[in-house]
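Residue numbers for the sequence shown follow the UniProt record's numbering, so the first one is 1 and each next one is one higher.
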Amino acid sequence: MSKSADLHSRRQDLGVALRELRESTSLSGSRLAARLGVSQSKVSKIETGLCRPSIDEVESMLTVLQASPETRERILAMAQIGPLVFTHARAMRQAGLDRNQQTVGVRERSAQEYRSYFPAAIAGLLQTPEYIRAMFSLPNSGGVDPQRMIAARLERQRVLFEGARSFQFLVGEAALRNRVGPSAVMATQMDHLVSASRLASVKMGILPWTIRLPQAPLHNFVIFDERLVVIETMHGDLKARDRTDILLYVELFESLNQVALHGEEAREFLLKVADEHRELPD
1 MSKSADLHSR RQDLGVALRE LRESTSLSGS RLAARLGVSQ SKVSKIETGL
51 CRPSIDEVES MLTVLQASPE TRERILAMAQ IGPLVFTHAR AMRQAGLDRN
101 QQTVGVRERS AQEYRSYFPA AIAGLLQTPE YIRAMFSLPN SGGVDPQRMI
151 AARLERQRVL FEGARSFQFL VGEAALRNRV GPSAVMATQM DHLVSASRLA
201 SVKMGILPWT IRLPQAPLHN FVIFDERLVV IETMHGDLKA RDRTDILLYV
251 ELFESLNQVA LHGEEAREFL LKVADEHREL PD
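Printed below as a string of structure tokens:
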């Protein structure tokens, strides 16, 4: 069988599996499309093997269809060619960065345990509207309308208040001090982190510059239920599903978490940084 014929066969097998899963839930193609925020024709083309869905699209479908862990693992294995998948930033911009937030939101809602490390910027789930506006007003923001990104990210943040999920955030001091906007924006963002740290679903750790790190992390990452790690880079997102790769990041996260500031100690540090931002000129 030629390579193109093999790929076509795999698309068809994947489409059949997704259609059978949808039919088992008695959900129509149009209703599934509405919940995914795509056209009915897109769902139809995926189910008939006429187009190859991205891993993110498959994950979104599995979440909406409430696939069991075994079914999710089986269908994701059919959908990916290898254990690593890279989504280029150009592709995300072409699809719409605000629409990409819907995909990210589905991924966050599908996880019971979320762990993230952000050394240089505040995680999207913790950003204030003013911080989001400042971020997406920068020259390298991709030209997206800041107001649309604010709406999309605030929608994502609702997950912090839904269900019995666990969110663990590790934040580097540089993320607290890197000024993406005026002093008032940064100070308000610090105050918001203090409030967020008190949510029942949230555990927050702060990594000051003065602590001795057990390992040297090179970039930010997010772990979802020990089944997926997303590594964000300037030119795109790398998604790893290999068990060995995932455990590498779990070990890194836990080692950093052990030396981080937590609870009142972390909140006192955040309030100190907030006061320092207020003293800085714009």
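Glycine is no exception: its CB is placed at the ideal position from the N, C-alpha and C atoms.
For residue i and residue j, what's the separation of their Cα atoms in angstroms?
| i | j | result |
| --- | --- | --- |
| residue 108 | residue 278 | 33 angstroms |
| residue 19 | residue 185 | 47 angstroms |
| residue 104 | residue 211 | 32 angstroms |
| residue 72 | residue 183 | 45 angstroms |
| residue 152 | residue 136 | 12 angstroms |
| residue 93 | residue 220 | 20 angstroms |
| residue 195 | residue 129 | 15 angstroms |
| residue 123 | residue 166 | 15 angstroms |
In this structure, how does DSSP classify residue i when only helix, strand and coil are distinguished?
| i | result |
| --- | --- |
| residue 237 | strand |
| residue 221 | strand |
| residue 80 | coil |
| residue 172 | strand |
| residue 87 | strand |
| residue 15 | helix |
| residue 273 | helix |
| residue 122 | coil |
| residue 206 | strand |
Using beta-carbon positions only, say whether residue i and residue j come within less than 8 angstroms of one another.
| i | j | result |
| --- | --- | --- |
| residue 131 | residue 172 | no |
| residue 125 | residue 102 | no |
| residue 260 | residue 223 | no |
| residue 256 | residue 170 | yes |
| residue 273 | residue 177 | yes |
| residue 246 | residue 230 | no |
| residue 134 | residue 175 | no |
| residue 190 | residue 280 | no |
| residue 265 | residue 250 | no |
| residue 86 | residue 236 | yes |
| residue 48 | residue 15 | yes |
| residue 27 | residue 67 | no |
As a quick exercise: from the options, pick the residue whose alpha carbon is nearest that of residue i.
| i | options | result |
| --- | --- | --- |
| residue 253 | 39, 216 and 141 | 216 |
| residue 65 | 40, 29 and 41 | 29 |
| residue 90 | 168, 16 and 144 | 144 |
| residue 98 | 110, 25, 141 and 244 | 141 |
| residue 13 | 24, 42, 27 and 53 | 53 |
| residue 192 | 46, 267 and 242 | 267 |
Next item on the list: Could you say if the region 63 to 78 and the region 194 to 213 meet the contact criterion of at least three C-beta pairs nearer than 8 angstroms?
Entry: no
Next item on the list: Say whether the region 60 to 75 touches the region 30 to 43, bearing in mind that this needs 3 or more beta-carbon pairs closer than 8 angstroms, one atom from each stretch.
Entry: yes
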